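Structure first, commentary second.
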Amino acid sequence: QLHCAIRKPFGPDSTDAADYLPEPLVEVAMRNIEAYTAHPIPPTTDRFIGNFFDTGATKEHLLAILADIAADPIHETFELMCHPAAPDHELELISDYNIKRVEELAILQDNAIKESMRELDISLVNYSALL
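Printed below as a string of structure tokens:
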């Protein structure tokens, strides 16, 4: 066992391979399930949330995501995909998504977001919490 957690390799908001694999690949995966399960699976979050991005990266949307997380009766750990960054000249040169990164950082640090997390009893953890 590697003893290291990884990002969930599934599609946005997915917990089921059938949600992100094309049908022919799901069939192949199911035929080979014993081979796949013979190897240890690295720990990962229960759910990946990939829609806090671009036009979805708003304070209102993040508050809704947090409410959904708190109301989820099944999953315990979540990864929220985000790309926050401080203003950076080098980043501006290599990425078209540089202004949105600064906006994401401001949203993630917003006091209303922090207060919502406290009220909803949502804790931030790193991948070591999955081990």
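So for the sequence shown, our numbering puts the first residue at 1; every next one is plus one.
Ideal Cβ placement from N, Cα and C applies to all residues, glycine included.
Predicted model, so just to flag it, every value in this text is computed and none were measured.
message = So if DSSP puts E79 in a beta bridge, which residue, or which two residues, is it bridged to?
response = Your numbering for residue 79 matches position 79 in the sequence shown. DSSP, once it has assigned bridges, lists F48 as partnering E79.
query = How long is the line joining the alpha carbons of E79 and Y127, rounded to whole angstroms?
reply = Working through the sequence shown from its first residue, we reach residue 79 at position 79. Working through the sequence shown from its first residue, we reach residue 127 at position 127. Cα to Cα, E79 sits roughly 10 Å from Y127.
inquiry  = Does S128 come out as helix, strand or coil in the three-state DSSP assignment?
reply    = Within the sequence shown, numbered from 1, the residue matching residue 128 stands at position 128. Helix, per DSSP.
query = So which of I41, A70, T58 and P42 has the shortest CA-CA distance to A106?
reply = Position 106 of the sequence shown, counted from the first residue, corresponds to residue 106. With distances taken between Cα atoms, A106 lies closest to T58.
key: Anticipated Cβ contact below 8 Å, T77 with D121, distance rounded   = Counted from its first residue, the sequence shown places residue 77 at position 77. Counted from its first residue, the sequence shown places residue 121 at position 121. That pair is no contact at about 14 Å.
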